[in-house]
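With the numbering used here applied, the sequence shown corresponds to residues 10 to 275, in that order.
All remarks here apply to the structure that follows.
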Amino acid sequence: MSMDRRDFLKLAGASTLVGLGGLSVFDGFVKDGALASQAHTAPGASAGKRLAMVIDVSKFKSPDDYKRVSYACHSIHNVPSIDNLKHEIKWIWTDTYEHVFPGQADQYMAENIMRLPFPVLCNHCAKPPCVRVCPTKATFKRKSDGVVMMDYHRCIGCRFCMAACPFGARSFNWTDPRPYIRKLNTSFPTRTKGVVEKCNFCAERLSAGLQPACVEASNGALVFGDLHDPSSEVREILSSRYAIRRKPNLGTGPSIYYVIGGNEHA
Numbered sequence: 010m011s012m013d014r015r016d017f018l019k020l021a022g023a024s025t026l027v028g029l030g031g032l033s034v035f036d037g038f039v040k041d042g043a044l045a046s047q048a049h050t051a052p053g054a055s056a057g058k059r060l061a062m063v064i065d066v067s068k069f070k071s072p073d074d075y076k077r078v079s080y081a082c083h084s085i086h087n088v089p090s091i092d093n094l095k096h097e098i099k100w101i102w103t104d105t106y107e108h109v110f111p112g113q114a115d116q117y118m119a120e121n122i123m124r125l126p127f128p129v130l131c132n133h134c135a136k137p138p139c140v141r142v143c144p145t146k147a148t149f150k151r152k153s154d155g156v157v158m159m160d161y162h163r164c165i166g167c168r169f170c171m172a173a174c175p176f177g178a179r180s181f182n183w184t185d186p187r188p189y190i191r192k193l194n195t196s197f198p199t200r201t202k203g204v205v206e207k208c209n210f211c212a213e214r215l216s217a218g219l220q221p222a223c224v225e226a227s228n229g230a231l232v233f234g235d236l237h238d239p240s241s242e243v244r245e246i247l248s249s250r251y252a253i254r255r256k257p258n259l260g261t262g263p264s265i266y267y268v269i270g271g272n273e274h275a
């Protein structure tokens, strides 16, 4: 049975409501399940119950700092470079404060903050609506660390996850992405036409005991670790600095925190 665009949008809208319905306000420290076995994880691999990232915007000093972070991610994950904005694929990119944090600004906020570019990526939510609406379980949340993953072989391209995600963190391959990969990384799988993709918190690197590529390339602007470990660097930063998250009122529990302003302004 064929489905025209109008029918798809109706169904996607309904799925979004289902995915978001019943979510309560999340305080950011949900204890969601026991730690899974790490038998197949290399020594030193991240094994926290809730992996999270802190982005200190004050440590991005130039456009090159942002580009370096994006390039590190996109190059190792074979993210295609497509000039057509309608077909653009992105795992990490930048946007303005008003778009990243709608409704979280006021008339007295410093103009320089409003003009800053803010890195954005999948929020790896504690209660991800994308997982709820996926009919094939192609997108799922790992119980061991809270990372929201994708199985590209299961993805049928329905885009329900894209409709459900309130952060616009997912991209759809409208065309075969492989011809647009500048330099192929043979150690990471490429995607095909009709498949959704997004940031995976560098799960393949975590299993080898490495930090996400964007974190390594950020010169300290991005910090990654276990939110449930009081001695982790992310917890130390969050306990001493004021941080905000995207659209906290939706109750999805984003795992990405933003520190705005340097220590001299704290």
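All C-beta atoms in this analysis are idealised placements derived from N, C-alpha and C, irrespective of residue type, glycine included.
What does the Cβ neighbour count give for residue i, buried or exposed, with the cut at 16 atoms within 10 Å?
i    : result
M123 : exposed
R255 : buried
Y251 : exposed
P263 : buried
D104 : exposed
S196 : exposed
M118 : exposed
H83  : buried
T148 : buried
A217 : exposed
H237 : buried
I253 : exposed
E242 : exposed
R200 : buried
Please report how far the alpha carbon of residue i lies from the alpha carbon of residue j, in whole angstroms.
i    : j    : result
D73  : D185 : 29 Å
D92  : W100 : 15 Å
P137 : K150 : 8 Å
S248 : Y266 : 12 Å
F233 : K68  : 15 Å
Y189 : L94  : 13 Å
R59  : N121 : 32 Å
T50  : Q116 : Because the pLDDT at T50 is just 41, under 50, the model does not fix this residue reliably, and the value given afterwards should be weighed accordingly. Distance between the alpha carbons of T50 and Q116: 49 Å.
F181 : K202 : 8 Å
E107 : F176 : 13 Å
G260 : A222 : 28 Å
R77  : K70  : 12 Å
G112 : C143 : 28 Å
S240 : H96  : 42 Å
C211 : I85  : 9 Å
C170 : S79  : 23 Å
S153 : Y161 : 20 Å
K146 : I98  : 22 Å
V63  : V204 : 29 Å
L219 : C208 : 16 Å
A226 : Y75  : 9 Å
Could you give the first and the last residue of the continuous alpha helix (DSSP H) run that contains residue i?
i    : result
A217 : From DSSP, A217 is part of no alpha helix (DSSP H); its letter is neither H nor E.
V78  : 72-85
E225 : 222-225
R141 : 138-142
M118 : Neither: M118 is in no alpha helix (DSSP H) and is coded neither H nor E.
A322 : The requested residue 322 is not part of the displayed model; the chain covers only 10 to 275.
Among the candidates the options, whose CA atom is the shortest distance from the CA of residue i?
i    : options                : result
G270 : R59, V66, M62          : V66
A178 : L193, K192, E120, M159 : M159
L215 : C139, G155, E107       : G155
N258 : R200, H96, F110        : F110
A81  : T148, A217, V224, V204 : V224
V268 : F127, L219, F176, V78  : F127
L231 : V129, H96, L125, I98   : V129
L193 : V63, I64, N87, M62     : N87
A172 : R141, R187, I64        : R141
Going by DSSP, which residues form a beta bridge with residue i?
i    : result
P128 : T103
E206 : S180
Y266 : V63
I253 : Y267
At which residues does the beta strand (DSSP E) containing residue i begin and terminate?
i    : result
K150 : 148-150
L236 : Note, L236: premise wrong, no beta strand (DSSP E); not H, not E.
M158 : 157-159
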